[in-house]
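> Just so we're aligned: the sequence shown equals residues 29 to 563 in the numbering used here. Where is the CB? At the ideal position from N, CA and C, for every residue including glycine. I have a structure I would like to understand better, so I am pasting it below and will then ask my questions one at a time.
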Amino acid sequence: RKLSAATDVDAVVIGAGFSGLYTVYKLRELGFTLRAFEQGDGVGGTWYWNRYPGAGSDSESWVYCFSFSRELEQEWNWSCRFPPQPEILSYLEYVAERFDLHSAFDFETRVTSARYDETAGHWVVETDHGETVTAEFVITAVGCLSATQVPEIPGRDSFAGNWYHTGQWPKAGVNFTGQRVGVIGTGSSGIQCIPVIAEQADHLTVFQRTPQFSVPAGNVPLTDEQRETLKRNIREIRENCRWATIGQPYDLKDHGVLDVSEEERRRQFEADWAKGGFEWMFGSYNDLLFDKQANDIAADFVREKIRDKVDDPETARKLIPTGYPIGTKRLPLDQGYFETYNRDNVDLIDVREEPIVEIVPAGIRTESRTVELDTIVFATGFDAMTRPLTRIDFRGRSGVKLEEKWAHGPQTYLGVAMADFPNLFMITGPGSPSVLGNMPTSIEQHVEWITDCMAHMREIGAKTIEPTVTAEQEWGEHVGELADATLFPQADSWYMGANIPGKPRVFLPYIGGFGNYRKLCADIAENGYEGFSIS
Ligand code: NA7
Numbered sequence: 029r030k031l032s033a034a035t036d037v038d039a040v041v042i043g044a045g046f047s048g049l050y051t052v053y054k055l056r057e058l059g060f061t062l063r064a065f066e067q068g069d070g071v072g073g074t075w076y077w078n079r080y081p082g083a084g085s086d087s088e089s090w091v092y093c094f095s096f097s098r099e100l101e102q103e104w105n106w107s108c109r110f111p112p113q114p115e116i117l118s119y120l121e122y123v124a125e126r127f128d129l130h131s132a133f134d135f136e137t138r139v140t141s142a143r144y145d146e147t148a149g150h151w152v153v154e155t156d157h158g159e160t161v162t163a164e165f166v167i168t169a170v171g172c173l174s175a176t177q178v179p180e181i182p183g184r185d186s187f188a189g190n191w192y193h194t195g196q197w198p199k200a201g202v203n204f205t206g207q208r209v210g211v212i213g214t215g216s217s218g219i220q221c222i223p224v225i226a227e228q229a230d231h232l233t234v235f236q237r238t239p240q241f242s243v244p245a246g247n248v249p250l251t252d253e254q255r256e257t258l259k260r261n262i263r264e265i266r267e268n269c270r271w272a273t274i275g276q277p278y279d280l281k282d283h284g285v286l287d288v289s290e291e292e293r294r295r296q297f298e299a300d301w302a303k304g305g306f307e308w309m310f311g312s313y314n315d316l317l318f319d320k321q322a323n324d325i326a327a328d329f330v331r332e333k334i335r336d337k338v339d340d341p342e343t344a345r346k347l348i349p350t351g352y353p354i355g356t357k358r359l360p361l362d363q364g365y366f367e368t369y370n371r372d373n374v375d376l377i378d379v380r381e382e383p384i385v386e387i388v389p390a391g392i393r394t395e396s397r398t399v400e401l402d403t404i405v406f407a408t409g410f411d412a413m414t415r416p417l418t419r420i421d422f423r424g425r426s427g428v429k430l431e432e433k434w435a436h437g438p439q440t441y442l443g444v445a446m447a448d449f450p451n452l453f454m455i456t457g458p459g460s461p462s463v464l465g466n467m468p469t470s471i472e473q474h475v476e477w478i479t480d481c482m483a484h485m486r487e488i489g490a491k492t493i494e495p496t497v498t499a500e501q502e503w504g505e506h507v508g509e510l511a512d513a514t515l516f517p518q519a520d521s522w523y524m525g526a527n528i529p530g531k532p533r534v535f536l537p538y539i540g541g542f543g544n545y546r547k548l549c550a551d552i553a554e555n556g557y558e559g560f561s562i563s
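Right, dumping it as structure tokens:
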């Protein structure tokens, strides 16, 4: 059903998730010609690939969606507070259908390289189908958590059973009935899938490297009445999201936990805990992520909750996080995660105490035993934010290779553009706030800013735009300084690149808040694209 196979276009778009779909919509609205490519055989991005049992959004459904169309907002009905993956995927398929976006994409097509031709003044984009397309602009909508990481454990390929990564789950699903299953990893993906797999499998062994703090999601079905109220107020809710720190309809309080009495803080923590969701941490006291003493108070509250939920004290001990401040690794939301360890068919192995030695045909061998398994699930995460881009062979001016430019950490201006890579725009690139909050809020802002910029260039007859080296350097320093003022650098998180062996230890997103970032981007555009050179 693809409409155009033009080989010279205004823009190439890479990816068909939230970002790519909206980019295509906006570019068409503005009258730009385009080609769009997607690796999968359908739309959905994150929600196309992450089909593991229990997968779902940790942002509330009514804000984890597009806000660009009032009709769409009113038409779509979410079933519950935190929608499961199949429902989000259906939503994105519906959006693509409704706005005829499928027709823009070449599916099952990977962009392998993109080279800037300085003489011709355009990008030369190549796909794994051997096609070459030239374009004035390239827009990457490749996601932040899309390059999966399977650890190099010796003997992995000798395993006699099946293994899967949560982020590349088979479309046909996996039936765990009667199986002995091992899950490696207890980040958000592990915490979502472990309770569901435990119910299906004969036996589940969880291999945990770092215990996680987690807050109950408090997922509930939505009633018709709730949906109607939400729809009535949705404009205001979304506007609040745009200016709030993490793109959610709540924000940090104007005082710290250290400013209130012990009684008051307990009352507040309990009340927010009962609500469920991220509000517990990100709609809470404003010092939790800045002051270790304040953070310890919040961390101890959660440790106590974990101890209460887990029957066996030895298992509880292993599950209780220590050694890093709460919230500095992405805080998971859970639906009965800790309670799962009270089941007779679930075991927990702490691989820091009992390291994995190798994978053998029969299962996983640790320093003290062999755990026999039929299936291994790697919930081991992603090479976040940078790898989705560097795995495409981008070459800028003078053939400079993106992977080399970023060898010591990503360098971008606003997480949107890079010096020496003219007319290349990244949606939610490193140096943008994106992953620190509600993604669709961030994505819509980026897409609108980028497409406005393109329209502006067309209007003034400009050919190229790229950040100055100074603007890029200053942005990198600013992103680092903001992070250093928080407790985030104290954790070995994917935000820090610490989950990937050899990856530079650099805080990847901008932590100054969605609202501040939006204002900054708007001011930059208003001031004639300050920090960019336009020719
Ligand atoms: P995460 O959050 O990176 O979690 C990966 C988990 O896998 C985490 O518990 C890791 O332990 C563990 N891991 C990674 N490598 C290994 C090895 N080699 N051995 C043992 N355990 C390992 O990825 P998710 O997919 O859960 O979540 C990614 C994001 O998706 C999430 O933050 C949300 O934004 C949505 P570690 O903590 O590194 O010690």
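Within the segment 354-436, note down every full alpha helix (DSSP H) run reaching 4 residues or more, in order along the chain.
With a minimum length of 4 residues, the continuous alpha helix (DSSP H) runs that stay inside the segment 354-436 are 415-418, 430-433.
> What does the Cβ neighbour count give for I488, buried or exposed, with the cut at 16 atoms within 10 Å?
So I488 counts as exposed.
> Between Q228 and G82, which are expected to be in contact by the criterion C-beta below 8 Å, what is the C-beta distance as a whole number of angstroms?
That pair is no contact at about 11 Å.
> Could you tell me the alpha carbon to alpha carbon distance between N268 and P277, rounded to whole angstroms?
The alpha-carbon atoms of N268 and P277 are separated by roughly 5 Å.
> Can you tell which of M413, G424, R270 has its C-alpha closest to the C-alpha of L452?
When only C-alpha atoms are compared, the closest one is G424.
> Return the bridge partner residues of C269 from the DSSP annotation.
Answer is none; C269 lacks a bridge partner.
> For the ligand NA7, any of its heavy atoms closer than 7 Å to the Cβ of L173?
Under cutoff, so the answer is yes.
> Comparing C-alpha positions only, which one of V405, G201, V152, F235 sits nearest to T194?
Per the Cα distances, V405.
> Less than 8 Å separating the beta-carbons of I225 and V211?
Yes, these two residues count as a Cβ contact at 8 Å.
> If you draw a straight line from the alpha carbon of E367 to that of D319, how long is it in whole angstroms?
When rounded, the distance between both Cα atoms is 30 Å.
> Just confirm the distance between the C-beta atoms of S561 and A490, as a whole number of angstroms; I'd bet it's less than 8 Å.
With a Cβ gap of about 10 Å, S561 and A490 do not count as contacting.
> Any heavy atom of the ligand NA7 inside 7 Å of the beta-carbon of P198?
No, since every heavy atom of the ligand NA7 falls outside the 7 Å radius drawn around the Cβ of P198.
> Tell me the start and end of each unbroken alpha helix (DSSP H) in the segment 225-299 that is at least 4 residues and wholly inside, in chain order.
The segment 225-299 contains these whole alpha helix (DSSP H) runs: 252-271.
> Just checking my contact of G72 with G45 at CB under 8 Å: how many whole Å lie between their CB atoms?
Going by Cβ atoms, the distance from G72 to G45 rounds to 6 Å, so yes, they are a contact pair.
> One question on the structure: do I116 and Q236 come within less than 8 Å of each other, judged by their Cβ atoms?
Cβ atoms of I116 and Q236: not closer than 8 Å.
> Are there any heavy atoms of the ligand NA7 lying less than 7 Å away from the beta-carbon of D520, as far as the coordinates show?
True, at least one ligand heavy atom lies under 7 Å from that Cβ.
> Confirm, please, whether the CB-CB distance from E66 to F127 is below 8 Å.
The answer is no: Cβ separation not under 8 Å.
> Would you kindly report the start and end of the unbroken alpha helix (DSSP H) that includes W151?
It is not in any alpha helix (DSSP H) - W151 instead sits in the beta strand (DSSP E) that spans 150-155.
> Tell me which residues share the same chain as R397 and place their Cβ nearer than 7 Å to its Cβ, disregarding the 5 neighbours each side in the sequence.
Result list for R397: empty, nothing under 7 Å.
> Is the Cβ-Cβ distance between G246 and G304 less than 8 Å?
Going by C-beta atoms, G246 is nearer than 8 Å to G304.
> Residues in its own chain within less than 6 Å of E136 by CB, not counting five upstream and five downstream?
Excluding residues within five positions, the ones whose Cβ falls inside 6 Å are D69.
> Just the C-alpha distance for L62 and A169, rounded to the nearest angstrom, thanks.
L62 and A169: Cα-Cα distance of roughly 14 Å.
> When the Cα atoms are used, what is the spatial distance from P239 to D145?
Looking at the two C-alpha atoms, the distance is approximately 49 Å.
> Look up E99 in the DSSP assignment and say whether it is helix, strand or coil.
Residue state, collapsed to three classes: helix.
> Measure how close the beta-carbons of G206 and D230 come, nearest whole angstrom, since I'm counting them as under 8 Å.
The pair is a contact, with the Cβ atoms about 5 Å apart (cut-off 8 Å).
> Out of E88, N373, S95, which has the shortest C-alpha to C-alpha gap to S107?
For S107, the nearest C-alpha among the options comes from E88.
> I need the boundaries of the beta strand (DSSP E) containing L62, first residue and last residue.
Residues 62-65.
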